[in-house]
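In what follows, a single structure is set out as structure tokens and then discussed.
Number of protein chains: 2
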Amino acid sequence: MSTISQSSEDHLIRTLTQNLTTGPDIITGVGDDCAVIAKTPQEHTLLKTDTIVESIHFLPEEDPERVGWKAVARVISDFAAMGGTPEALLVTIILPPDTELQWVEHLYIGLNAAATAFDCSIVGGETSSTATGAPKVISISGTGTVAPQHLTLRSEAQPGDLIFVTGKLGGSISGKHLDFSPRIAEAQWLVNHYKPSSMMDISDGIAKDLPRLAQQSECGFTLIKSTLPCNPGSTTEQALSDGEDYELLFSIPPERKEALIDEWAKFFTNIELTHIGEFTKDQIDSLSGGWDHFIQK
Amino acid sequence: MSTISQSSEDHLIRTLTQNLTTGPDIITGVGDDCAVIAKTPQEHTLLKTDTIVESIHFLPEEDPERVGWKAVARVISDFAAMGGTPEALLVTIILPPDTELQWVEHLYIGLNAAATAFDCSIVGGETSSTATGAPKVISISGTGTVAPQHLTLRSEAQPGDLIFVTGKLGGSISGKHLDFSPRIAEAQWLVNHYKPSSMMDISDGIAKDLPRLAQQSECGFTLIKSTLPCNPGSTTEQALSDGEDYELLFSIPPERKEALIDEWAKFFTNIELTHIGEFTKDQIDSLSGGWDHFIQK
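Protein chains in written order, with the numbering used here: chain A, 1323 to 1619; chain B, 1323 to 1619.
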């Protein structure tokens, strides 16, 4: 009898969701950073849920305020990746009975700090106990909005489009994975001025996420590994595979490259923008590695 | 150092959510069956999240299709309780690595069956592993819609309003908690023809949920225990405290009682409607018991 530990996360999700029925108002369901629902001519609704589990996404001894920040910031990063903004959040906490009340109170301080920093509201949630000794689980669901002309999917890159990444990659485990700032402002600027042909946020590492973006757009890609912007102390290999960077990975037509780079540098003086490759008609480069929830290493 | 097992679920939620900041478009946040967000003059958005945990909400040996049905049906019951209908669902599953793939596939059959039966779509979700031996967790988040004139809160019952309950109560653990039918059609009929002054679904038992409804409306209540509609084999005490009935608990002004009972019987020939009490200005009856996630029994 096969178990989920023998399956990659992507394969498991494809298996489970292939027979789902969806209504006519669903623009994008499973497979992008958020689901997209047609609402009014001026606005689509975005939906996202994301979970962090103790000892997988954060250590038991970690400051709960930082854990709360991370839980909310991960979801906000997904709204950014669609070209949208967050609106309302629901918080689910599943805790063993010996969890200290003070831990939960500090978790909520972090959750609320991230929500407030990015102009959205925590409007409800769910609390449940779990078995003594089981890991703590924090799951955030949220709605957001995006103007139809700003909606940026994973599936619309064209061969020839150039691939860019914001910020620096690798070494997130040293602390950045708890304190990162979702790229809402940067994504909003992009969709207003240089609407990408495709975009996602990097959660599992370029090595896992770039092939996903290419596959969804039915493209191949070339990656110039020497150009990868590495965080201080990180190797190119770590920049490819560590994951939890929460930077934007996106593409634009080649003729807009110079203007984008010039204008970006004027607006975002502290955040790098790097041209790292190109989408292609045929499969050229391939990558392996990156983070997978299910495959046992 | 105090732990969450020393706190009731209601007290814990009040403690955690008292300092949350919410935006001006939030009509109802924490404390009702769903959160309510103003969207257009014709439509509010409803948001809900709900979680079931192995060995708490379902047994390890339970048929996973029934577990999936329950997970989705619980959320749909909350949309019904607001006078609304569900629209799109996100599915989060958190599973130990030795979970059989077949178990998850059958879970999804049940999830999709419930979504399809109540005209909503599963549009995405999240999968995460947890520690070996930790309980399986299934968390459903969803959006729904409600016409502003149909929105029925917990907080607007008036002293003198009569309290009704649909169906029969108690003994859910014998199987009904896995196979129940959320009262969407019944709630839609009510908000169209006999708009309740307050409504909620019964998840933790009348003994827990009626005092919640009264408190949110700043009312007391009288309960005629002898009128409680009990499932076959259930005592009045079980009807009060077993929980997981997923029936509607609602109130209407007394002058509409006879007409409601007459018309209900014509439309819903197989589902009882019972007048069980009255909201009052002063605290009169009190109840204890019902289901609590956190207090260790």
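Even glycine gets a Cβ: it sits at the ideal position worked out from N, Cα and C.
Here the structure is a predicted model, which means the values were calculated and not measured.
Whole-number beta carbon distance between residue j and residue i, since they are thought to touch under 8 Å
{"i": "B:T1596", "j": "B:P1551", "result": "5 Å"}
{"i": "A:L1562", "j": "A:I1598", "result": "Between A:I1598 and A:L1562 the Cβ distance is about 11 Å, and since that is not below 8 Å, they are no contact."}
{"i": "B:G1497", "j": "B:I1593", "result": "Rounded, the Cβ-Cβ distance is 18 Å, inconsistent with contact."}
{"i": "A:P1457", "j": "B:A1453", "result": "5 Å"}
{"i": "A:V1283", "j": "B:I1416", "result": "Residue 1283 of chain A lies beyond the stretch modelled for chain A, which goes from 1323 to 1619, so this question has no answer here."}
{"i": "B:T1620", "j": "B:G1466", "result": "Outside the modelled stretch of chain B, which goes from 1323 to 1619, sits residue 1620 of chain B, for which no answer is possible."}
{"i": "A:L1484", "j": "A:P1576", "result": "5 Å"}
{"i": "A:A1437", "j": "A:L1411", "result": "6 Å"}
{"i": "A:P1408", "j": "A:F1440", "result": "6 Å"}
{"i": "A:A1479", "j": "A:S1573", "result": "5 Å"}
{"i": "A:P1518", "j": "A:F1601", "result": "That pair is no contact at about 12 Å."}
{"i": "A:S1324", "j": "B:L1423", "result": "5 Å"}
8 Å CB neighbourhood of residue i in its chain, flanking five on each side removed
{"i": "A:N1434", "result": "G1390 and I1444"}
{"i": "A:I1495", "result": "D1564 and E1566"}
{"i": "B:T1544", "result": "G1599, E1600, T1602, I1606 and D1607"}
Contact set between residue i and chain A, taken where Cβ atoms lie within less than 8 Å
{"i": "B:G1489", "result": "Simply none; closest approach about 24 Å."}
{"i": "B:T1557", "result": "Here the premise fails: no neighbours, minimum Cβ distance about 27 Å."}
{"i": "B:N1434", "result": "N1341, L1342 and T1343"}
{"i": "B:S1494", "result": "Per Cβ cutoff of 8 Å: no residues; B:S1494 is ~18 Å from chain A at best."}
Buried or exposed by the 16-neighbour rule on C-beta atoms within 10 Å, applied to residue i
{"i": "A:D1523", "result": "buried"}
{"i": "B:D1372", "result": "buried"}
{"i": "A:K1603", "result": "exposed"}
{"i": "B:H1515", "result": "exposed"}
{"i": "B:E1383", "result": "exposed"}
{"i": "B:Q1605", "result": "exposed"}
{"i": "A:F1589", "result": "exposed"}
{"i": "A:T1344", "result": "buried"}
{"i": "B:G1405", "result": "buried"}
{"i": "A:Q1560", "result": "buried"}
{"i": "B:D1501", "result": "exposed"}
{"i": "A:G1492", "result": "buried"}
{"i": "B:D1420", "result": "exposed"}
{"i": "B:L1535", "result": "buried"}
{"i": "A:A1581", "result": "exposed"}
{"i": "B:I1506", "result": "buried"}
{"i": "B:D1567", "result": "buried"}
{"i": "A:T1449", "result": "buried"}
{"i": "B:F1401", "result": "buried"}
Chain B contact residues for residue i, given Cβ-Cβ distances below 8 Å
{"i": "A:G1585", "result": "Residue identity differs from the one stated: residue 1585 of chain A is Glu in this sequence, not Gly. Under the 8 Å cutoff, chain B gives no residues; its nearest Cβ is about 31 Å from A:E1585."}
{"i": "A:E1427", "result": "T1337 and L1338"}
{"i": "A:P1457", "result": "T1452, A1453 and A1456"}
{"i": "A:I1378", "result": "S1450, S1451 and T1452"}
{"i": "A:T1362", "result": "T1362"}
{"i": "A:S1443", "result": "L1342, T1343, T1344, G1345, I1348 and G1351"}
Amino acids of chain A, ordered along the chain, whose beta-carbon sits closer than 7 Å to that of residue i
{"i": "B:D1385", "result": "Near B:D1385 there are no residues of chain A at all, since even the closest Cβ is about 16 Å away, more than 7 Å."}
{"i": "B:F1375", "result": "Looking at the sequence provided, one finds Val at residue 1375 of chain B rather than Phe. Neighbours of B:V1375 on chain A, chain order: I1416, S1450 and T1452."}
{"i": "B:L1423", "result": "S1324, T1325, I1326 and S1329"}
{"i": "B:Y1430", "result": "L1338"}
{"i": "B:S1525", "result": "None at all; the shortest Cβ gap to chain A is about 11 Å."}
{"i": "B:S1503", "result": "None at all; the shortest Cβ gap to chain A is about 19 Å."}
Cut-off 7 Å between Cβ atoms - residues of its own chain near residue i, not counting five sequence neighbours on either side
{"i": "B:A1403", "result": "D1355, A1509, M1521, M1522, D1523 and L1570"}
{"i": "B:T1350", "result": "A1357, V1358 and L1475"}
{"i": "B:L1473", "result": "V1358, H1366, M1404 and G1405"}
{"i": "A:S1377", "result": "P1457"}
{"i": "A:Q1618", "result": "Because the pLDDT at A:Q1618 is just 43, under 50, the model does not fix this residue reliably, and the point stays unresolved."}
{"i": "B:I1546", "result": "I1598 and G1599"}
{"i": "B:Q1538", "result": "G1353, R1476 and S1477"}
Contact list for residue i against chain B, beta-carbon separation under 9 Å
{"i": "A:G1446", "result": "T1339, T1350, G1351, V1352, G1353, D1354, C1356, A1357, L1369, K1370 and T1371"}
{"i": "A:Y1568", "result": "Ordered by position in chain B, no residue passes the 9 Å Cβ test against A:Y1568, which lies about 16 Å from the chain."}
Sequence-distant residues of its chain with Cβ nearer than 6 Å to residue i (five each side left out)
{"i": "B:L1342", "result": "none"}
{"i": "A:D1526", "result": "G1565, G1612 and W1613"}
{"i": "A:V1397", "result": "K1370, D1372, I1462 and G1464"}
{"i": "B:S1608", "result": "none"}
{"i": "A:W1586", "result": "L1595"}
{"i": "A:V1426", "result": "none"}
{"i": "A:K1392", "result": "L1500"}
{"i": "A:D1385", "result": "none"}
Listed by chain order, chain A residues near residue i by CB distance under 9 Å
{"i": "B:D1420", "result": "T1325, I1326 and S1327"}
{"i": "B:A1439", "result": "Near B:A1439 there are no residues of chain A at all, since even the closest Cβ is about 11 Å away, more than 9 Å."}
{"i": "B:L1412", "result": "A1357, L1369, K1370, T1371 and S1463"}
Under 7 Å from the C-beta of residue i: neighbouring residues of chain B
{"i": "A:L1320", "result": "Beyond the ends of chain A as shown, which are 1323 and 1619, falls residue 1320 of chain A; an answer cannot be given."}
{"i": "A:S1573", "result": "Under the 7 Å cutoff, chain B gives no residues; its nearest Cβ is about 22 Å from A:S1573."}
Check whether the region 1418-1433 of chain A touches the region 1362-1381 of chain B, counting contact only when three or more Cβ pairs, one atom from each stretch, lie closer than 8 Å. no
With three or more C-beta pairs closer than 8 Å as the rule, is the region 1327-1340 of chain B touching the region 1327-1342 of chain A? no
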